[in-house]
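A.B. asks: Going down the list, the sequences are from chains A and B. Residues in the first sequence are numbered from 1 upward in steps of one, following my numbering. Residues in the second sequence are numbered from 1001 upward in steps of one, following my numbering.
2 protein chains.
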Amino acid sequence: MTDGVVERSRPRDRILETARDMFHKHGIKGVGVDAITEAAGTNKMTLYRHFESKDELIVECLRATACKAGAMWDAFEAEYPGDKLAQLHAWVRKAADMLNADGRGCDMANAAAELTEPDHPARRVIKELKEAQREHLVALCRGAGIGQAELLADTLSLLLEGARVSVQTVGAEGPSAQFVRMAEGLILSFRGSAAI
Amino acid sequence: MTDGVVERSRPRDRILETARDMFHKHGIKGVGVDAITEAAGTNKMTLYRHFESKDELIVECLRATACKAGAMWDAFEAEYPGDKLAQLHAWVRKAADMLNADGRGCDMANAAAELTEPDHPARRVIKELKEAQREHLVALCRGAGIGQAELLADTLSLLLEGARVSVQTVGAEGPSAQFVRMAEGLILSFRGSAAI
DNA sequence: TCTGGAAGTTACAGACCGGTAACACCCTAG
DNA sequence: CTAGGGTGTTACCGGTCTGTAACTTCCAGA
């Protein structure tokens, strides 16, 4: 009902997009395949013709999310070509936007909280995306001429990760409201210390 | 099987403790009441004589977790009476211990990720605990004579929150490995800026 | 126009879920 | 000894879950 996204496209795409949306809103274990197919305007058989199991659907959803996240870095480069520091600030703004977008945290982190089996196929995707994100951020910091680029990148990573769960637990008026201030302060402070 | 904690005590206590353990390890939606009672060495009827629903059991588990977390602050005061700065450093060490304890994050944050209904009774408990934690940390920072105590407390909060989910997604060798360094650096840096 | 594959439909299997009823048991307080 | 409350046991309810079988319908390309 409220979970639309039923525009006419290929069933597989509709299922994937609908599942992504519903997993995000209601959690993975909180949504059944029947509900997904119904919201996607199709049926269970069609889902199982395109995905061999719910687990594979989950993995494919997370992969799609990772793909969209990857495009973000290209957008920064397109907007501020070569200016890594400007891109870093753009990342901060983008992160703040995500915080205010809705009360749900990061899909990857939420999935990791729900899928507790240590060898669940989704954990691989999650880890890969998080490591890719970290490397992108390190590259930005390094490119901006910041000494201790790894430490700043890791600190900013944890700060954002924490802010996203904080929004989910205490709301957007909690500690996460200060995210931009914290991040900008950290960048400034790290720029102060000598770059090698 | 692997989820023991069946020492002979009152059934209600065993159920509560076993549920806490299993929710922590396997997630809330990943554990059924049958599995809990069996691991607690009792049966479903006894559970439902003490808790009127699974939701109430969840709430009671989170309350117990909140209670244990509350005791932590008293332990700091007992160990370093009056010395708020030492207590703040003790908090950092304690936080680092929690990071290395196991690969699962904060029970409250994980519960918030799973229980998506905005009016779920557990969300109240979660929010209350997180707000209490924040106030305790602010009090420590303020007591340690730090200007911008709220900002430091919020930053440290987000950092720990982020570190706990990072452990869950990329493991203990990821960004969270630098948590102590980040936290100590922040405290030092905030102590540098004038108190008032 | 014919045909083959993709998609929809209905029904079902088998397991598990939260929750309850009815009844037998034991152990302790009086 | 006895009464009664806490506990254990068994069986069950209705619902939902993932996943499948068998069949029909639709539609695009040759």
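Where a beta carbon is used, it is the ideal one built from N, C-alpha and C, also for glycine.
1. Runs of 4 residues minimum, wholly inside the segment 16–47 of chain A: which ones carry the alpha helix (DSSP H) assignment?
2. In terms of residue numbering, what span does the alpha helix (DSSP H) encompassing C1106 of chain B cover?
3. So is T155 of chain A in contact with chain B if we call contact Cβ pairs under 8 Å?
4. If I measure Cβ to Cβ from A66 of chain A and keep anything under 6 Å in the same chain, skipping five residues before and after, which residues do I get?
5. Measuring only the C-alpha atoms, how far is E1060 of chain B from A1069 of chain B?
6. On the three-pair Cβ rule with 8 Å, is the segment 138–154 of chain A touching the segment 112–128 of chain A?
7. Around the C-beta of N1110 of chain B, are 16 or more other C-beta atoms found within 10 angstroms, so that it is buried, or is it exposed?
8. Put D154 of chain A into one of helix, strand or coil per three-state DSSP.
9. Hey, would you say G1103 of chain B sits closer than 8 Å to Q1168 of chain B, going by beta carbons?
10. Whole angstroms are fine: how far does the CA of L1057 of chain B sit from the CA of R1063 of chain B?
11. Within 8 Å of any Cβ in chain A, is that where the Cβ of E1184 of chain B sits?
12. Please say whether V1125 of chain B and A965 of chain B have beta carbons closer to each other than 8 Å?
13. What number of angstroms, rounded off, separates the C-alpha of K54 of chain A from the C-alpha of I36 of chain A?
14. Cα separation between L1099 of chain B and E161 of chain A?
15. Pull out every residue of the segment 1003–1036 of chain B whose Cβ sits closer than 8 Å to any Cβ of chain A, in chain order.
16. Between which two residues does the alpha helix (DSSP H) holding I1126 of chain B run?
17. Less than 8 Å between the beta carbons of A1203 of chain B and A113 of chain A, yes or no?
18. Which first and last residues belong to the alpha helix (DSSP H) in which A64 of chain A is found?
19. Under 8 Å, do G30 of chain A and K1029 of chain B count as touching if we go by C-beta distance?
20. Check distances from the C-beta atoms of the segment 1104–1127 of chain B to those of chain A and list, in chain order, the residues that come in under 7 Å.
21. Given that R1142 of chain B touches chain A, what residues does it touch there, using C-beta distances under 9 Å?
22. What do you get for S9 of chain A, buried or exposed, if any count of 16 or more other CB atoms within 10 angstroms of its CB means buried?
23. Could you check the C-alpha separation between D1034 of chain B and T1042 of chain B for me, to the nearest Å?
24. Quick one: what does DSSP say D13 of chain A is sitting in, helix, strand or coil?
25. Tell me, please, whether the CB atom of E1173 of chain B is closer than 8 Å to any CB atom in chain A?
26. So which of B:A1101, B:R1181 and B:S1193 has the shortest CA-CA distance to H1089 of chain B?
27. Nearest chain A C-beta to A1163 of chain B closer than 8 Å, yes or no?
28. Whole angstroms are fine: how far does the CA of R1191 of chain B sit from the CA of G1105 of chain B?
29. Reducing DSSP to helix, strand and coil, say where E1225 of chain B ends up.
30. So S189 of chain A and S1189 of chain B are in contact, right, with Cβ under 8 Å, and what is the actual spacing, rounded?
31. Quick check on DSSP: helix, strand or coil for G1162 of chain B?
C.D. replies: Looking at the atomic coordinates:
1. For the segment 16–47 of chain A, whole alpha helix (DSSP H) runs of length 4 or above, ordered along the chain, are 33–39.
2. Your numbering for residue 1106 of chain B matches position 106 in the second sequence. Taken as a continuous stretch (DSSP letters only), C1106 of chain B belongs to no alpha helix (DSSP H), as it is neither H nor E.
3. Reading the first sequence from its first residue, position 155 is the one you call residue 155 of chain A. It does: the Cβ of T155 of chain A has a partner Cβ on chain B nearer than 8 Å.
4. Locating residue 66 of chain A in the first sequence gives position 66, where the first residue counts as 1. L129, listed in sequence order.
5. Taking the second sequence and counting its residues from 1, one reaches residue 1060 of chain B at position 60. Taking the second sequence and counting its residues from 1, one reaches residue 1069 of chain B at position 69. C-alpha separation (whole angstroms): 14 Å.
6. no
7. Position 110 of the second sequence holds residue 1110 of chain B. Buried.
8. To locate residue 154 of chain A, count along the first sequence from 1; it is residue 154. Looking at D154 of chain A - three-state DSSP - the assignment turns out to be helix.
9. On the second sequence, position 103 is the one that residue 1103 of chain B refers to. On the second sequence, position 168 is the one that residue 1168 of chain B refers to. In this structure, Q1168 of chain B lies closer than 8 Å to G1103 of chain B by Cβ.
10. The residue you call residue 1063 of chain B lines up with position 63 of the second sequence. The residue you call residue 1057 of chain B lines up with position 57 of the second sequence. Looking at the two C-alpha atoms, the distance is approximately 10 Å.
11. For this step, residue 1184 of chain B is matched to residue 184 along the second sequence. Not an interface residue.
12. As displayed, chain B neither begins before 1001 nor continues past 1196, which places residue 965 of chain B out of reach and without an answer.
13. On the first sequence, position 54 is the one that residue 54 of chain A refers to. On the first sequence, position 36 is the one that residue 36 of chain A refers to. Between K54 of chain A and I36 of chain A, the C-alpha separation is close to 11 Å.
14. Position 99 of the second sequence, counting from 1, holds the residue named residue 1099 of chain B. Position 161 of the first sequence, counting from 1, holds the residue named residue 161 of chain A. Distance between the alpha carbons of L1099 of chain B and E161 of chain A: 15 Å.
15. K1025, H1026, G1027, K1029 and G1030
16. In the second sequence, the residue the question calls residue 1126 of chain B occupies position 126. P1121 to G1143 is the span of the alpha helix (DSSP H), which, as asked, contains I1126 of chain B.
17. Outside the displayed range of chain B (1001 to 1196) lies residue 1203 of chain B, so it cannot be described from this structure.
18. Within the first sequence, residue 64 of chain A is the residue found at index 64, counting from 1. Segment K54 to E79, the alpha helix (DSSP H) holding A64 of chain A.
19. Residue numbering aside, residue 30 of chain A sits at position 30 when the first sequence is read from its first letter. Residue numbering aside, residue 1029 of chain B sits at position 29 when the second sequence is read from its first letter. In terms of Cβ geometry, G30 of chain A and K1029 of chain B form a close pair [threshold 8 Å].
20. Taking 7 Å as the Cβ-Cβ cut-off against chain A, the residues of the segment 1104–1127 of chain B that qualify are G1105, M1108, A1109, N1110, A1112, A1113, E1114, T1116, I1126 and K1127.
21. Here residue 1142 of chain B is taken as the residue at index 142 of the second sequence, counted from 1. Ordered by position in chain A, no residue passes the 9 Å Cβ test against R1142 of chain B, which lies about 15 Å from the chain.
22. Residue numbering aside, residue 9 of chain A sits at position 9 when the first sequence is read from its first letter. Exposed, by the Cβ-count rule.
23. Here the question's residue 1034 of chain B lines up with position 34 in the second sequence. Here the question's residue 1042 of chain B lines up with position 42 in the second sequence. Those two C-alpha atoms are separated by around 10 Å.
24. Start at 1 with the first residue of the first sequence, and residue 13 of chain A comes out as number 13. The answer is helix: DSSP assigns D13 of chain A an H, G or I state.
25. In the second sequence, counting from the first residue as 1, residue 1173 of chain B sits at position 173. Under the 8 Å criterion on CB atoms, E1173 of chain B is classed as non-interfacial with respect to chain A.
26. Residue mapping note: residue 1089 of chain B aligns to position 89 of the second sequence, counting from 1. Comparing Cα positions, the closest option is B:R1181.
27. The count along the second sequence starts at 1 and reaches residue 1163 of chain B at position 163. A1163 of chain B counts as touching chain A.
28. Position 105 of the second sequence holds residue 1105 of chain B. Position 191 of the second sequence holds residue 1191 of chain B. Spanning the two alpha carbons is a distance of roughly 29 Å.
29. Here chain B comprises residues numbered 1001 to 1196, so residue 1225 of chain B is not present and cannot be evaluated.
30. Position 189 of the first sequence, counting from 1, holds the residue named residue 189 of chain A. Position 189 of the second sequence, counting from 1, holds the residue named residue 1189 of chain B. That belief holds up - the Cβ atoms of S189 of chain A and S1189 of chain B are roughly 7 Å apart, short of 8 Å.
31. Within the second sequence, numbered from 1, the residue matching residue 1162 of chain B stands at position 162. In this structure, DSSP gives G1162 of chain B a helical state, which the three-state scheme calls helix.
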